[in-house]
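Notes to accompany the following structure.
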Amino acid sequence: MPREKSELKRGERRQQILQALAAMLEQPRWEKITTAALAARLDVSEAALYRHFASKAQMYEGLIEFIEHSVFTLTNRISADETDPRRHAPRMLELLLAFAEKNPGMVRVMIGEALVGEHERLQARMNQFFDRFEATLKQALKLAAADAQGGLPAEEDPGAHAAALTRYALGCLHVFARSGFAKKPSEQLAPHWHYIG
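One rule links them: number in the numbering used here = place in the sequence shown (from 1) + 69.
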């Protein structure tokens, strides 16, 4: 029984470290985060951080895992629950932008800003995230076109459309970060959808 309690405390401490890191990334005038600054924010020693994470890269991996789990759990739910296939892609794009608004610190990770100078595998993993998101959109757009037309029209290119939507989302995330999180990504989605949808 005491072992379970210590494991719970360890898990809680890991969560606290990741939450503190995410909060530091939310600062509008953000600067590269050091483990010393993170430890000071938590009022612990740097050695205490390294008891829970082998490196700062592992801490960023924890944030990336949160991003992946959160976004893809919700995209899967949209695919399962939304009965109109034409609504899948717009809702998926909307959820990605809403996730960013609720988690501004994660935006710095998603666009790679926080990963500059960190291990290259972190940026590669974020690239894979957006590749997977684009593939999810492509599948949704294929289903929507097939549903609307009774088959995929020859002129329809779900891959190009999914790529355009993904790049639009990335642009929104960059503007959000550059504005110090003032320009919300979802604010212009409805009027923009006329051009990108």
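Just so you know, even glycine gets a beta-carbon here, dropped at the ideal spot from N, CA and C.
In this text, all values refer to a predicted model and were calculated from it rather than measured experimentally.
Cβ neighbour criterion (16 or more within 10 Å) applied to residue i
| i | result |
| --- | --- |
| K207 | buried |
| V178 | buried |
| A259 | exposed |
| T142 | exposed |
| H157 | buried |
| Y237 | buried |
| V185 | exposed |
| H230 | buried |
| R18 | Since the first residue shown for the chain is 70 and the last is 266, residue 18 is missing from the structure and cannot be characterised. |
| P97 | exposed |
| A109 | exposed |
| A117 | exposed |
| A193 | exposed |
C-beta atoms of residue i and residue j nearer than 9 angstroms
| i | j | result |
| --- | --- | --- |
| H243 | I147 | no |
| E100 | F250 | no |
| E187 | Y129 | yes |
| F198 | L239 | no |
| S255 | A167 | yes |
| I133 | L107 | no |
| L162 | L234 | yes |
N- and C-terminal bounds of the alpha helix (DSSP H) containing residue i
| i | result |
| --- | --- |
| R15 | The requested residue 15 is not part of the displayed model; the chain covers only 70 to 266. |
| E151 | Neither: E151 is in no alpha helix (DSSP H) and is coded neither H nor E. |
| V113 | Counting along the chain, V113 falls outside any alpha helix (DSSP H), and DSSP gives it neither H nor E. |
| W262 | L258 to I265 |
| P173 | P173 to M179 |
Query raised in the report: Counting pairs of Cβ atoms below 8 angstroms between the stretch 163-176 and the stretch 79-96, do you hit three or more?
Result: Yes: the two stretches touch, three or more of their Cβ pairs being nearer than 8 angstroms.
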